Amino acid sequence: MSLPNWRLPTMGGLIFWNTLDKRKGFKLQQNKNTGHFRILDPSEYRIDWSFDEGSIRNSFYQITDSR
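Taking this note's numbering, the leading residue of the sequence shown gets 2, the next gets one more, and so forth.
Below, the structure is given as structure tokens:
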């Protein structure tokens, strides 16, 4: 299933999010309540999200390896 994805500003995930990984200013986070995942760019904008950890980790590594 493809999920809609828009580049949206965030507050950085200080309250409802656990940061699982950080690379080159990007963050991989998991929501403490729903369990879904997201990737934030260095400006704290959400650039991807998913309920599937394997999928979001692949996306995170592709994004950070290409920069």
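Glycine included, each C-beta is placed from N, C-alpha and C at the ideal position.
Model, not experiment: these values are computed from the prediction.
query                                                                                                                                                              : result
Restricting to runs no shorter than 3 residues, where is the beta strand (DSSP E) found entirely within the segment 9-57?                                          : 18-24, 27-32, 38-41 and 46-51
Going by DSSP in three states, S67 sits in which element: helix, strand or coil?                                                                                   : coil
Of all the options Q31, Q30 and S51, which has the alpha carbon lying nearest to the alpha carbon of N6?                                                           : S51
Going by beta carbon distance, what residues of the same chain come within less than 7 angstroms of N19, once the five residues before and after it are set aside? : Q30, Q31 and K33
What is the DSSP secondary structure of N6, counted as helix, strand or coil?                                                                                      : coil
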